[in-house]
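Trainee: Here our numbering is used: the first residue of the sequence shown is 54, the next is one more, and so on.
Quick one: structure below, then a few questions.
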Amino acid sequence: MWNEFKQFALRGNVVDLAIGIIIGVAFGRIVDSLVGDIFMPIIGAVTGGLDFSNYFTALSGNVTAGSLEEAKKQGAVLGWGNFITVTINFIIIAWILFLLVKGMNRMRRTEDAKTGTADKPAEIPADVKLLTEIRDLLKTGRTL
Numbered sequence: 054m055w056n057e058f059k060q061f062a063l064r065g066n067v068v069d070l071a072i073g074i075i076i077g078v079a080f081g082r083i084v085d086s087l088v089g090d091i092f093m094p095i096i097g098a099v100t101g102g103l104d105f106s107n108y109f110t111a112l113s114g115n116v117t118a119g120s121l122e123e124a125k126k127q128g129a130v131l132g133w134g135n136f137i138t139v140t141i142n143f144i145i146i147a148w149i150l151f152l153l154v155k156g157m158n159r160m161r162r163t164e165d166a167k168t169g170t171a172d173k174p175a176e177i178p179a180d181v182k183l184l185t186e187i188r189d190l191l192k193t194g195r196t197l
C-alpha cells in the first residue's frame, strides 16, 4: 500500500497540482495586498473617504461599534462592505488571469506559426471517408 501511495503522490499531475495551489495562494496574497493597499485607498479617496471594509449592518441591538472587527465582538453583523472588497478582489484576479491566458495564447499562436506546428485539421481515416461516401450515396438513393 505504501508503494502504491508513493506512486500516486509522486505522479506528475499531483505534484503539478500542488505547485499550482501553492503559487495560487501566493498570487492571492499579492492580489489581496494590491486591492487592500492600493486600489481600495484610491477608491476611498475618489469617493470621499469611503472604506468598504468597515461597512456593516448590525443584526443585533447590542452592536454599537464603529468598526466591523469591534462590531463582530459585540454581536451578529452583516459585513457587506467586506463582501464588496472581496468581489472587487475577484474581478481583479479574473481580469489578470484573462489577460495572462490571452497573452499566452497569442504567444503560442505566434510560435506555432513560426515553427509550422499550427493546429492542422486531423486527417480523416480511410474507413471513415468510405463510410461517409456510402452514407451520402444512400441519402441520395444512388447505388455504387
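Virtual Cβ for every residue (Gly too), placed ideally from N, Cα, C.
Just so it is clear, the structure is predicted and the values come from calculations on it, not from any experiment.
Can you list, in chain order, the residues of its chain with a C-beta nearer than 7 Å to that of V78? Leave out the 5 residues immediately preceding and following it.
Mentor: The answer is none, since no qualifying residue turns up.
Trainee: Starting from the Cα of N142, find the closest Cα among L70, V88, K155 and K59 and give me that residue.
Mentor: Answer by Cα proximity: V88.
Trainee: Determine the DSSP secondary structure at A111, reduced to helix, strand or coil.
Mentor: Correct three-state label for A111: strand.
Trainee: Just tell me which of T140, S120, M160 and V116 has its CA closest to the CA of A129.
Mentor: A129 has its Cα closest to that of V116, out of T140, S120, M160 and V116.
Trainee: Since F61 and V67 are thought to touch, with beta carbons under 8 Å apart, how far apart are those beta carbons, to the nearest angstrom?
Mentor: That pair is a contact at about 7 Å.
Trainee: Enumerate in chain order the residues of its own chain whose CB-to-CB distance from P178 is below 7 Å, with the five nearest sequence positions on each side excluded.
Mentor: Answer for P178: no residue qualifies.
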